[in-house]
Amino acid sequence: MLLEQILPNCALHSHRVAGDERGSLISLQSGFEIPFEFKRVYLVYGTRPGVERGFHAHKSLEQWVVCVSGSCVFTVDDGNDRREVLLDSPEKGLQIGSGIWREMRDFTPDAVLMVVASTHYELDDYIRSYDEFLSFVRSS
Ligand code: TYD
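So the sequence shown is numbered by my numbering: it starts at 1 and just counts up by one.
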């Protein structure tokens with residue numbers, strides 16, 4: 001369910017929790033809860049204190065980010081607006097479309113980020129310079 005449209009191409013969703021007396025389960029299916037086909041899942045964990053990650057955008061990749069343990073703060077920027085999102089629950093999913101600059105910081109020691117990605121790892125899809133990112137979004 002949509003919780004908040006953060007930017008036109010970036011949204012925070014709440015996951016449906018299948019909970020019972022034993023605990024909780026969240027299922028994320030391609031084409032259902034996650035509205036794109038995905039080819040890759042990666043985990044970011046053991047992030048050292050004070051570390052900031054990201055600082056890039058993608059030309060076409062779409063992602064669905066879940067902080068399955070602990071918390072961290074995402075900054076998302078589409079070249080017009082810059083917003084901060086706290087990911088602090090496995091029940092939240094941050095959908096990041098293409099053409100969004102992202103930065104991650106304030107990882108708690110127990111933070112585990114799970115990133116579901118629409119494509120395999122493709123270096124050519126990365127934009128690592130903020131100036132190049134602005135040119136990319138202004139020309140698209
Ligand atoms: P990096 O892109 O620097 O991570 P972030 O943008 O989250 O700060 O990736 C860290 C390392 O992991 C780098 O050596 C590339 C590698 N990597 C893969 O091998 N496969 C992947 O899918 C990703 C996202 C990164």
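By construction, the Cβ of each residue, glycine as well, lies at the ideal position given by its N, Cα and C atoms.
Helix, strand or coil: how does DSSP classify residue i here?
i	result
Leu94	strand
Starting from residue i, follow its DSSP beta bridges and name the residues at the other end.
i	result
Ile200	Missing from the structure shown is residue 200; the chain here goes from 1 to 140 and no further.
Phe74	Val85 and Met104
Taking Cβ positions only, does residue i come closer than 8 Å to chain B?
i	result
Glu84	Protein chains in the displayed structure number just one, and chain B is not present.
Between residue i and the rest of its own chain, which residues show a CB-CB distance below 6 Å, the 5 nearest in sequence each way excluded?
i	result
Tyr42	Val115
Met104	Arg53, Gly54, Cys72 and Phe74
Arg138	none
Apart from the five residues just before and just after residue i, which ones in its own chain have a Cβ nearer than 8 Å to its Cβ?
i	result
Leu134	Gly79
Asp110	Ser69 and Gly70
Ala18	Ser24, Leu25, Ile26 and Ser27
Ser140	Gly99
So, at 7 Å on beta carbons, what are the nonlocal neighbours of residue i in its own chain, with the 5 sequence-adjacent residues on each side left out?
i	result
Ser60	Ser98 and Asp125
Asp106	Cys72 and Val73
Whose CB is closer than 5 Å to a heavy atom of ligand 1? List the residues in chain order. The set, ordered by position in the chain, is Tyr42, Arg53, Gly54 and Tyr121.
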